[in-house]
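Sequential numbering from 1 applies to the sequence shown in this note's numbering.
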Amino acid sequence: MTGRIMTKDTAFPDFRNTGVLLRVVITVQVLFFALALVQAHALDGAVQGFVELAAYLQIPLLFILLLLFLLTPMMAAFQIGQARALTLLICAGVAGFWHLFMDMSYPDTGIGSLPRTLALSLGAAWVILAGLDGRARRLSPALAEARLQALTSRIRPHFLFNALNSVLSLIRSDPKKAETALENLAELQRALLSENRELSTLRREMELARAYLDLETLRLGERLQVDWRAENAPADALMPALILQPLLENAVCHGIEPLPEGGRISVDIFTRKGALTLVVKNPCPAIPLPLATGREGNRMALSNIRERLALHFDAQARISIHQPAGVFTVQVVMPLRTGSRGQHA
Numbered sequence: 001m002t003g004r005i006m007t008k009d010t011a012f013p014d015f016r017n018t019g020v021l022l023r024v025v026i027t028v029q030v031l032f033f034a035l036a037l038v039q040a041h042a043l044d045g046a047v048q049g050f051v052e053l054a055a056y057l058q059i060p061l062l063f064i065l066l067l068l069f070l071l072t073p074m075m076a077a078f079q080i081g082q083a084r085a086l087t088l089l090i091c092a093g094v095a096g097f098w099h100l101f102m103d104m105s106y107p108d109t110g111i112g113s114l115p116r117t118l119a120l121s122l123g124a125a126w127v128i129l130a131g132l133d134g135r136a137r138r139l140s141p142a143l144a145e146a147r148l149q150a151l152t153s154r155i156r157p158h159f160l161f162n163a164l165n166s167v168l169s170l171i172r173s174d175p176k177k178a179e180t181a182l183e184n185l186a187e188l189q190r191a192l193l194s195e196n197r198e199l200s201t202l203r204r205e206m207e208l209a210r211a212y213l214d215l216e217t218l219r220l221g222e223r224l225q226v227d228w229r230a231e232n233a234p235a236d237a238l239m240p241a242l243i244l245q246p247l248l249e250n251a252v253c254h255g256i257e258p259l260p261e262g263g264r265i266s267v268d269i270f271t272r273k274g275a276l277t278l279v280v281k282n283p284c285p286a287i288p289l290p291l292a293t294g295r296e297g298n299r300m301a302l303s304n305i306r307e308r309l310a311l312h313f314d315a316q317a318r319i320s321i322h323q324p325a326g327v328f329t330v331q332v333v334m335p336l337r338t339g340s341r342g343q344h345a
């Protein structure tokens, strides 16, 4: 468990997570003791002051945690700044209400002024939020790498056995073409088995996509037609590995194969307003009931790509799907970055 929820633009502490709640409680106790130590100037007095301060503040702390627990799902719809502001407002509001209640009920306790209480509550809340955010940032590279490995391991071309059968049929009739097909297959498998925590380039992804399409052409022949348009897209544009090939595999499996006459896939790659855009279109036939389960694989592959884009680019990247007039369209938009392979996101 990461202890984070995804708000609209980044992660925010999940106050329904037991680990997050424990860290908040422990941090608050440490801050209580530090405050008591500053006020007492000696360890003995600090212990007594800590006990008194903790007894006074445990109830509002529990109310704050309860409110954050209940409001965490709603915060997922907020921008990160809005979620943090609401958290600070809750802390200040509960602390202020508790101060007024105690001041009216027990006026001789000497709890200090209301502005002091509000300042201490806001300061403690800010320290805790900053600490939780720093911890998440330290953990995120390792977590992202582990998830990328798990996600990439699920990407395996379903055409493997068909491709091998196509190669076997060519060995005697056209050994040269069979050799080229085996080289393409080996290149694809090498890419699938390699570590993909680093960004690839558009040039490399197009090479892998063309290798895949060459293998499918052996099996489908003239049923598979592909139009490429990549006019103003820089070849060294950085993108997550294995984004384009799975999109084309979906187009072949769910758009071309079900049609006896085949069809045409169009691939548009362009840059606009500082973003790199990939658009893949394929025919969208009325899928008979026995083949309808293929849609689940389609959704899984697209969800896989969406999650890997989020791991690399967070909210800067998006994938959208359109299906007008029998044409299935997938559009991927990511920030335009150029460089050499091997760069981290």
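No residue lacks a Cβ here, since even glycine has one placed at the ideal position from N, Cα and C.
A straight-line Cα-Cα distance of about 7 angstroms links residue 206 and residue 244. Cβ-Cβ separation between residue 237 and residue 202: approximately 4 angstroms, consistent with a contact (criterion under 8 angstroms).
Residue 125 counts as buried, since at least 16 other C-beta atoms from the protein chains shown sit within 10 angstroms of its C-beta.
Nearest to residue 64 by C-alpha distance, out of 16, 82, 45, is 16. Nearest neighbour of residue 323 by Cα position, chosen from 285, 336, 334, turns out to be 285. In the structure shown, residue 73 adopts helical secondary structure according to DSSP, grouped into three states.
Distance check between residue 301 and each of 173, 265, 254 places 254 closest, using alpha-carbon atoms only. One thing to note: residue 118 has its Cβ within 7 angstroms of the Cβ of residue 92. With at least 16 other beta carbons inside 10 angstroms of its own, residue 57 counts as buried. Contact annotation: residue 24 and residue 128 have beta-carbon atoms nearer than 7 angstroms. Along the stretch 163-229, the beta strand (DSSP E) occurs as fully enclosed runs of 3 or more residues at 199-201, 224-229, listed in sequence order. Contact check for residue 265 and residue 280: beta-carbon distance about 7 angstroms, within the 8 angstroms limit, so the pair qualifies.
Per DSSP, reduced to three states, the secondary structure at residue 16 is coil, with no helix or strand assignment. Secondary structure note for residue 87: its alpha helix (DSSP H) is the uninterrupted segment 80-105.
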